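So the structure is just underneath, and the comments pick up after that.
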Amino acid sequence: MKPLVLASSSQIRKEIISKYDVPFICDNPSINEGELKENSTLSDPVKLSYFLAEAKAKSLSSKYRENVILGCDQICILNDDIFEKPLSTNKAIENLKMLSGNIHQLVGSYVFVKNNVVISDYTATCTLTMKNLTDAEIVNYVELDSPLNSCASYKFEENGYKLHKEVIGSLEAINGLPFEQLKDLVNEYL
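Under our numbering, the first residue of the sequence shown carries the number 363, and numbering increases by one thereafter.
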């Protein structure tokens with residue numbers, strides 16, 4: 363049995379999958395995600411998330427010809443606006459000010475590829491309501507968790523959960539890999 367290849371550099375995704383009895387290896391996808399997003403004409407967040415997850419998985423197909431590869435992507439949406447990873451403290455603060463007091467969605471796409479062909483996929487949407495946060499609370503949070511590579515500008519798995527008053531969706535899906543829902547698919551194809 364060949365191990366599942368997780369096409370991701372996300373530490374939290376590695377932690378989630380390691381809790382399951384599934385042989386896996388992780389490898390960074392060989393794509394430029396920013397460039398792909400920039401050149402994409404997809405405005406639908408679900409389609410964009412799927413497109414990126416598929417691209418990540420397929421980018422490793424020639425390296426892992428005999429393995430099933432799982433590509434993942436998560437997008438944060440507020441009022442049809444797609445949030446990007448902030449990459450800077452100021453942008454993270456700006457994003458959290460917009461999310462403060464509002465309901466937003468995290469859409470995750472999970473695409474399984476073998477021999478450069480999609481064999482299965484799954485989409486999870488979580489709905490989160492953020493508390494009304496003061497500017498000081500936002501600044502303190504960003505200093506605490508440094509969520510500069512998180513699509514929603516918070517790390518739910520660390521202290522980001524404290525920013526929310528209501529959450530609809532599984533913890534694994536919010537953290538970027540709903541493996542509880544994916545494990546049967548994985549077992550079917552491995």
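Virtual Cβ for every residue (Gly too), placed ideally from N, Cα, C.
Small disclaimer: the values here were computed from a predicted structure and weren't measured.
Separation of residue j from residue i, as counted between CA atoms
i, j, result
"L525", "P540", "21 angstroms"
"L410", "K476", "21 angstroms"
"I387", "Y412", "22 angstroms"
"C434", "K420", "11 angstroms"
"M492", "K418", "30 angstroms"
"E528", "G522", "12 angstroms"
"V430", "L544", "13 angstroms"
"L547", "D383", "14 angstroms"
"L422", "N478", "8 angstroms"
"S402", "K364", "33 angstroms"
Start-to-end residues for the beta strand (DSSP E) that takes in residue i
i, result
"Y472", "465-476"
"L366", "366-369"
Terminal residues of the alpha helix (DSSP H) in which residue i lies
i, result
"D383", "Premise fails: D383 is in no alpha helix (DSSP H) and is neither H nor E."
"D507", "497-507"
"I393", "Segment: none, I393 is in no alpha helix (DSSP H) and carries neither H nor E."
"N511", "Run containing N511: none; DSSP gives neither H nor E here."
"N549", "541-551"
"F413", "407-420"
"L533", "533-536"
Cross-strand partners of residue i (DSSP beta bridge)
i, result
"F445", "C438"
"L432", "L368, F474"
"T491", "I465, E528"
"S482", "F474"
Supposed close pair residue i, residue j - CB separation, criterion 8 angstroms
i, j, result
"L366", "P385", "7 angstroms"
"E553", "V480", "The structure shown does not extend to residue 553, since the chain is modelled only from 363 to 552, so the question has no answer here."
"E534", "E542", "6 angstroms"
"A514", "L432", "Not quite, the Cβ-Cβ distance comes to about 21 angstroms (not below 8 angstroms), so this is no contact."
Inter-stretch contact at 8 angstroms, needing at least 3 Cβ pairs: the segment 397-404 / the segment 460-468: no
contact_flag[the segment 442-456, the segment 501-514] where n(CB pairs < 8 angstroms) is 3 or more: yes
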